[in-house]
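Every letter in the sequence shown is one number past the one before it in the working numbering, and letter 4, counting from 1, is 4.
Yeah, the Cβ is synthetic: ideal placement off N, Cα and C, and Gly gets one too.
Report on the following structure.
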Amino acid sequence: MRKIAFFFFFTSIYFLHAQSDSTFVDNKYLEDQLYINLTYIKLLELPEQISQTGFSYGLGFGFIKDLPVNPERNLGFGLGLGYARNTYYFNVKEDIEILEEIPLNELKSNKITMHAVEFPMELRLRNSTAIKYKFWRVYPGFKMSYVFATSSNLKQSEDFDVEDVVKINKFLYGFTLSTGFNKWNFHVYYGLNELFSHIKNNSYDIGIKDLRLGLIFYIF
Numbered sequence: 001m002r003k004i005a006f007f008f009f010f011t012s013i014y015f016l017h018a019q020s021d022s023t024f025v026d027n028k029y030l031e032d033q034l035y036i037n038l039t040y041i042k043l044l045e046l047p048e049q050i051s052q053t054g055f056s057y058g059l060g061f062g063f064i065k066d067l068p069v070n071p072e073r074n075l076g077f078g079l080g081l082g083y084a085r086n087t088y089y090f091n092v093k094e095d096i097e098i099l100e101e102i103p104l105n106e107l108k109s110n111k112i113t114m115h116a117v118e119f120p121m122e123l124r125l126r127n128s129t130a131i132k133y134k135f136w137r138v139y140p141g142f143k144m145s146y147v148f149a150t151s152s153n154l155k156q157s158e159d160f161d162v163e164d165v166v167k168i169n170k171f172l173y174g175f176t177l178s179t180g181f182n183k184w185n186f187h188v189y190y191g192l193n194e195l196f197s198h199i200k201n202n203s204y205d206i207g208i209k210d211l212r213l214g215l216i217f218y219i220f
């Protein structure tokens, strides 16, 4: 009988301790520090000589440090570091001499893939609490990128390097907005400067910007 009493006594202590741990509230919680985004890219301000072809897309992921500024921790800032891979498809339509050795009537498609380090900055508005893990968020922001590598080709009778035709900007920046509920969030990026500065050996500037529309997933 005494053994049974000791068993129930220690069992009760164990469950009381477990219950106290499960009701612990972290008043210093942080949110949305790891992200992955997938986007469709729309090319903007295309000159008459160029059209978008194929499916341009982007993939990005990274870390954003959550910096709450009020006791409720539902208002704050985010500063981050990430990686992005954006692929653009386009072609030249008019019979404009870019390089004499490229017959433009043989052009099929151009592809440029940019690998970039990203620096996102966000204003964070949300209705989260220390015990509420599903919440609405509105994160307007600004993002700067540095293109550290590119891969490209111009498909015709033989592959040709697009970088011999266009000049690619290394520094890109634009406005961002991430908004949604729980894990599913809409993400948009509006580029403010040009992706490609100009077509070499030609008299006109390209001036193409990009609009990226898709989803962003916050892991925790």
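Please say whether Gly214 and Thr39 have beta carbons closer to each other than 8 angstroms? Yes, Cβ-Cβ distance for Thr39 and Gly214 is below 8 angstroms.
Reference Trp184, options Leu30, Ile36, Asn27, Lys28, closest by Cα: Ile36
Using the rule of at least 16 other Cβ atoms within 10 Å of the residue's Cβ for burial, across every protein chain shown, is Phe171 buried or exposed? exposed
What's the call for Gly54, buried or exposed, on a 16-neighbour Cβ count within 10 Å? exposed
Name the one or two DSSP bridge partners that Arg73 has. Paired residue(s): none; Arg73 is not in a bridge.
Which residues does DSSP list as the beta-bridge partners of Asn86? Gly58, Met114
Could you check which residue in Phe217, Asp210, Gly180, Met114 has the C-alpha nearest to that of Tyr83? Restricting attention to Phe217, Asp210, Gly180, Met114, the CA atom closest to the CA of Tyr83 is found in Met114.
Can you tell me whether DSSP reads Asn127 as helix, strand or coil? In the structure shown, Asn127 falls within a coil segment according to DSSP collapsed to helix, strand and coil.
Decide if Asn110 is buried, meaning its Cβ has at least 16 other Cβ atoms within 10 Å, or exposed. buried
With DSSP as the reference, identify every bridge partner of Gln52, one or two as the case may be. Phe90
Between which residues of its own chain and Phe119 is the CB-CB distance below 6 angstroms, once the five residues before and five after are set aside? Met144
Only counting the same chain, and skipping five residues up and downstream in sequence, which positions put a Cβ closer than 7 angstroms to that of Tyr190? Gly174, Phe175, Leu211
Do Leu125 and Leu192 count as a contact pair if the criterion is CB distance below 8 angstroms? no
Answer with buried or exposed for Pro71, where buried requires no fewer than 16 other C-beta atoms within 10 angstroms of its C-beta. exposed
Can you tell which of Ile168, Leu59, Pro140, Tyr139 has its C-alpha closest to the C-alpha of Thr150? It is Ile168 whose Cα lies nearest to the Cα of Thr150.
When Leu177, Arg85, Gly78 are compared against Ser56, the one with the closest alpha-carbon: Arg85
Beta-carbon contacts of Thr87 that lie in its chain and below 7 angstroms, excluding the five residues immediately before and after: Here the set comprises Ser56, Tyr57, Lys111, Thr113.
Three-state secondary structure assigned by DSSP to Phe63: strand
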